[in-house]
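Chains as they are written, first to last, in the working numbering: chain A, 1 to 313; chain B, 314 to 591.
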């Protein structure tokens with residue numbers, strides 16, 4: 001089933017972490033397996049912020065193959081060495097769990113080369129790289145993840161999020177949403193639905209050299225958008241194209257450094273409710289999620305089938 | 314059929330479909346409109362229930378308790394777009410929601426008059442048997458799914474698959490309706506004052522769709538029909554009663570019907586259809 005949500009505050013920096021946490025907690029019943037946030041803070045003037053993980057969250061699995069602290073340390077050292085090799089200078093680093101890290105680094109080289117090499121380290125996946133984007137996902141509900149990563153005081157303009165009910169692939173971090181549109185800085189996607197031409201599209205994109213980290217059908221939307229943008233196509237046009245080229249039932253939400261967009265398939269089979277005012281736009285799979293940040297009555301609407309909307313921060 | 318004489322309604326037998334239902338369903342008998350647990354209520358006796366901090370199950374229980382105590386008018390405050398509110402009410406009642414409902418709101422009702430001063434989510438009034446529902450704002454998808462009777466009115470827009478699988482009653486939409494409106498409808502009438510999106514009336518068996526604006530495209534089995542003067546008068550009255558400010562005069566509405574009937578349905582006698590579809 002899955003729940004998706006997005007919020008964008010127009011020309012205003014607010015506690016978007018709290019907003020997203022409340023909305024996603026309201027969607028817990030649509031997907032209790034994992035929760036993910038992609039939030040956009042104040043863009044860095046120089047350098048990049050990178051979120052990455054070097055292992056899976058195996059805590060809830062039976063016969064879990066938990067990596068030893070030595071393994072984790074070796075992988076982190078390997079990532080540090082690759083950053084150094086490419087001339088990236090890490091200015092700040094922090095971690096909320098033994099396997100997930102946040103780095104801020106100065107870098108002037110090719111981001112694709114750097115990201116590709118970092119992911120050659122065993123079990124290592126870059127969750128996001130951007131000027132403002134920070135992508136956090138883990139097992140558990142919205143409050144659990146928010147508390148674990150200290151997200152309830154995240155100041156920013158906009159964000160998207162996802163509560164996942166695993167249907168197509170495993171319950172793990174790599175199959176959790178949102179997905180970063182590798183290697184495009186500051187582009188992320190969340191999706192509710194099933195894509196039926198996933199494998200066909202995946203083979204086409206893999207032949208073009210794009211990497212897939214999971215077997216989750218939703219990942220292809222991020223890669224698809226990335227491919228379109230690599231060819232100079234605007235986000236809104238790419239989203240319109242996706243309605244015909246992606247097959248299945250879906251509603252997805254995309255965010256860039258200053259935009260929030262949603263697209264709904266031709267069948268309108270997956271829900272989306274939107275609230276728009278002059279200060280804020282909020283969208284979610286259910287109105288009850290939006291009402292978690294607006295306790296008073298608000299006027300909302302459902303977008304129709306094959307509808308694409310993009311809002312500016 | 315020894316137990317047949319003991320029946321008090323058509324709904325206390327497991328076997329509800331096809332010819333067996335015809336044997337005991339007689340619309341002129343008053344008992345067919347009486348349910349177990351039906352209570353006498355006074356519409357002048359009014360109460361309100363605050364939905365803040367309680368879940369759908371608790372609210373629905375409180376509504377039933379109020380009906381049992383004879384309250385005929387119940388106001389629900391702070392519904393907060395929660396799901397499954399006001400479902401399964403089989404009683405005459407004035408029910409007012411002071412706000413929006415989530416998914417599956419007021420489903421499976423038979424008899425109450427409901428006003429929603431807000432929006433409704435997916436599958437509002439699913440399987441409604443009789444009564445009247447008025448939604449002041451917009452409605453989500455599957456509005457009036459499998460509707461069997463009564464009047465279902467939304468003053469704003471309705472989403473995709475409005476009136477899917479409906480078997481009777483009337484759905485009236487003041488604004489526009491989404492794709493697949495009237496999908497697989499088997500009976501009843503849908504009135505859309507605005508436009509309708511793609512594939513209207515796809516796979517419809519029977520029933521009528523009236524459109525004030527333009528349908529984007531017709532689905533398989535949906536064809537234009539001829540309006541007669543009775544229908545124009547009926548439309549006028551329905552829109553007027555619903556207090557909808559429709560810019561299109563009733564005489565300018567377009568009528569759409571099923572282009573063919575399914576074999577099985579077509580071979581039933583009129584009385585049998587009535588028994589099945591109510």
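Glycine is no exception: its CB is placed at the ideal position from the N, C-alpha and C atoms.
Span of the alpha helix (DSSP H) around residue 594/B: Chain B is shown from 314 up to 591; residue 594/B falls before or after that span and cannot be answered.
Determine the direct distance from the alpha carbon of residue 543/B to that of residue 177/A, and round the result to whole angstroms. Walking along the first chain from the start, residue 177/A turns up at place 177. Walking along the second chain from the start, residue 543/B turns up at place 230. When rounded, the distance between both Cα atoms is 56 Å.
Verify whether the separation of the beta carbon atoms of residue 253/A and residue 129/A is less than 8 Å. Taking the first chain and counting its residues from 1, the one referred to as residue 253/A is at position 253. Taking the first chain and counting its residues from 1, the one referred to as residue 129/A is at position 129. The Cβ atoms of residue 253/A and residue 129/A do not sit closer than 8 Å to each other.
Can you grab the Cα-Cα spacing for the pair residue 274/A / residue 292/A, in whole Å? Counting from 1 along the first chain, the entry for residue 274/A is found at position 274. Counting from 1 along the first chain, the entry for residue 292/A is found at position 292. One C-alpha to the other measures close to 14 Å.
Whole-angstrom distance between residue 408/B and residue 399/B, CA atom to CA atom: The sequence position of residue 399/B within the second chain is 86, counting from 1. The sequence position of residue 408/B within the second chain is 95, counting from 1. Taking the straight line from one Cα to the other gives about 9 Å.
Which runs of the beta strand (DSSP E), 3 residues or longer, sit entirely within the stretch 374–444 of chain B? Unbroken beta strand (DSSP E) stretches of 3 residues or longer found wholly inside the stretch 374–444 of chain B: 384–390, 407–411 and 423–429, given in chain order.
As a quick exercise: from 258/A, 89/A, 16/A and 56/A, pick the residue whose alpha carbon is nearest that of residue 139/A. What you label residue 139/A is simply residue 139 of the first chain in a count that begins at 1. Closest by C-alpha distance to residue 139/A, out of 258/A, 89/A, 16/A and 56/A, is 56/A.
Which of the residues in the stretch 373–396 of chain B, read from start to end, lie with their CB under 8 Å from any CB of chain A? Within the stretch 373–396 of chain B, the residues whose Cβ lies closer than 8 Å to some Cβ of chain A are 393, 394, 395 and 396, listed in chain order.
Inter-residue Cα distance where the pair is residue 162/A and residue 26/A: One-based indexing of the first chain puts residue 162/A at position 162. One-based indexing of the first chain puts residue 26/A at position 26. Straight-line measurement puts the Cα of residue 26/A at about 11 Å from the Cα of residue 162/A.
To be precise: take each residue of the stretch 499–518 of chain B, compare its Cβ to all Cβ atoms of chain A, and keep it if any distance is under 9 Å. Which residues remain? Identification of residues in the stretch 499–518 of chain B having a C-beta nearer than 9 Å to some C-beta of chain A yields 510 and 511, given in sequence order.
May I ask you to report which of helix, strand or coil DSSP gives residue 21/A? The count along the first chain starts at 1 and reaches residue 21/A at position 21. Collapsing the DSSP output to three states places residue 21/A in a helix.
Below 8 Å, how does it come out for the stretch 215–234 of chain A and the stretch 278–290 of chain A: are there three or more Cβ pairs, yes or no? In this structure the stretch 215–234 of chain A does not lie against the stretch 278–290 of chain A, because fewer than three pairs of beta carbons, one per stretch, are closer than 8 Å.
Using alpha carbons as the reference points, say which of 18/A, 187/A and 35/A lies closest to residue 2/A. The residue you call residue 2/A lines up with position 2 of the first chain. Measuring C-alpha to C-alpha distances from residue 2/A to each of 18/A, 187/A and 35/A identifies 35/A as the nearest.
Of all the residues that make up the stretch 422–435 of chain B, which are near chain A by a beta-carbon distance shorter than 7 Å? Taking 7 Å as the Cβ-Cβ cut-off against chain A, the residues of the stretch 422–435 of chain B that qualify are 431, 432, 434 and 435.
Validate contact between the stretch 431–439 of chain B and the stretch 523–541 of chain B using beta carbons, cut 8 Å, 3 pairs: Contact between the stretch 431–439 of chain B and the stretch 523–541 of chain B is absent: fewer than 3 CB-CB pairs across the two stretches fall below 8 Å.
Thinking residue 156/A and residue 132/A are a contact (beta carbons under 8 Å), I'd like their distance in whole angstroms, please. Looking up residue 156/A in the first chain gives position 156. Looking up residue 132/A in the first chain gives position 132. Sure, about 7 Å apart at Cβ, within 8 Å.
Does any CB atom of chain B fall closer than 8 Å to the CB of residue 288/A? The residue labelled residue 288/A in the question sits at position 288 within the first chain. For residue 288/A, the answer is yes, since a Cβ of chain B falls inside 8 Å of its Cβ.
Expressed to the nearest angstrom, what Euclidean distance is found between the alpha-carbon atoms of residue 393/B and residue 364/B? Position 80 of the second chain, counting from 1, holds the residue named residue 393/B. Position 51 of the second chain, counting from 1, holds the residue named residue 364/B. Across the structure, residue 393/B and residue 364/B are spaced so that their CA atoms are roughly 8 Å apart.
Counted within 10 angstroms of its Cβ, other Cβ atoms place residue 356/B as buried (16 or more) or exposed: Sequence index remark: in the second chain, residue 356/B carries index 43 (1-based). It counts as exposed.
Residue 451/B: contacting residues in chain A (beta-carbon distance under 9 Å): Translated into the one-based positions of the second chain, residue 451/B becomes position 138. Using a Cβ-Cβ cut-off of 9 Å, residue 451/B is close to 299, 300, 301 and 302 of chain A, given in chain order.
So what's residue 540/B in DSSP terms, helix, strand or just coil? On the second chain, position 227 is the one that residue 540/B refers to. It is coil, neither helix nor strand.
What does the Cβ neighbour count give for residue 93/A, buried or exposed, with the cut at 16 atoms within 10 Å? The residue given as residue 93/A occupies position 93 in the first chain. Residue 93/A comes out exposed.
For a contact meaning CB atoms closer than 7 Å, what does residue 291/A contact in chain B? The residue labelled residue 291/A in the question sits at position 291 within the first chain. Going along chain B in sequence order, the residues near residue 291/A (Cβ under 7 Å) are 393 and 394.
Check for me: the beta strand (DSSP E) holding residue 161/A runs from which residue to which? Here residue 161/A is taken as the residue at index 161 of the first chain, counted from 1. 158–164 is the extent of the beta strand (DSSP E) around residue 161/A.
Going by the beta-carbon positions, is the gap between residue 183/A and residue 111/A smaller than 8 Å? Position 183 of the first chain, counted from the start, is the residue given in the question as residue 183/A. Position 111 of the first chain, counted from the start, is the residue given in the question as residue 111/A. Pairing residue 183/A with residue 111/A gives a Cβ-Cβ distance under 8 Å.
Uninterrupted beta strand (DSSP E) stretches inside the stretch 84–119 of chain A (no shorter than 3 residues): Listed in chain order, they are 89–97 and 100–106.
If you run the structure through DSSP and keep just helix, strand and coil, what is residue 246/A? Residue mapping note: residue 246/A aligns to position 246 of the first chain, counting from 1. The answer is coil: DSSP assigns residue 246/A none of H, G, I, E or B.
Can you pull the chain B neighbours of residue 43/A, defined as C-beta to C-beta under 8 Å? Residue 43/A sits at position 43 when you count from the first residue of the first chain. Near residue 43/A there are no residues of chain B at all, since even the closest Cβ is about 34 Å away, more than 8 Å.
Would DSSP call residue 555/B helix, strand or coil? The count along the second chain starts at 1 and reaches residue 555/B at position 242. Three-state result, residue 555/B: coil.
I'd like to confirm the pairing. Which residues does DSSP put opposite residue 314/A in its beta bridges? Chain A is shown from 1 up to 313; residue 314/A falls before or after that span and cannot be answered.
Using CA atoms only, rank isn't needed, just tell me which of 213/A, 231/A and 256/A is closest to residue 121/A. What you label residue 121/A is simply residue 121 of the first chain in a count that begins at 1. Nearest to residue 121/A by C-alpha distance, out of 213/A, 231/A and 256/A, is 213/A.
Taking only three categories from DSSP, how would you classify residue 191/A? Here residue 191/A corresponds to residue number 191 of the first chain, with the count starting at 1. Residue 191/A falls in the strand class under three-state DSSP.
Mind checking residue 474/B: buried by the 16 CB within 10 Å criterion, or exposed? As a working mapping, residue 474/B is identified with position 161 in the second chain. Under this definition residue 474/B is a buried residue.
So, does the stretch 186–194 of chain A touch the stretch 239–255 of chain A, judging by three or more C-beta pairs under 8 Å? Counting C-beta pairs with one atom in each stretch, the stretch 186–194 of chain A and the stretch 239–255 of chain A have three or more that are closer than 8 Å, which means they touch.
Run down chain B in chain order and give the residues with a C-beta less than 8 Å from the C-beta of residue 305/A. One-based indexing of the first chain puts residue 305/A at position 305. The contacting residues are 473, 491, 492, 510 and 511.
Using the Cβ count rule (16 or more neighbours within 10 Å means buried), how would you classify residue 68/A? The count along the first chain starts at 1 and reaches residue 68/A at position 68. With fewer than 16 other CB atoms across the displayed protein chains lying within 10 angstroms of its CB, residue 68/A is exposed.
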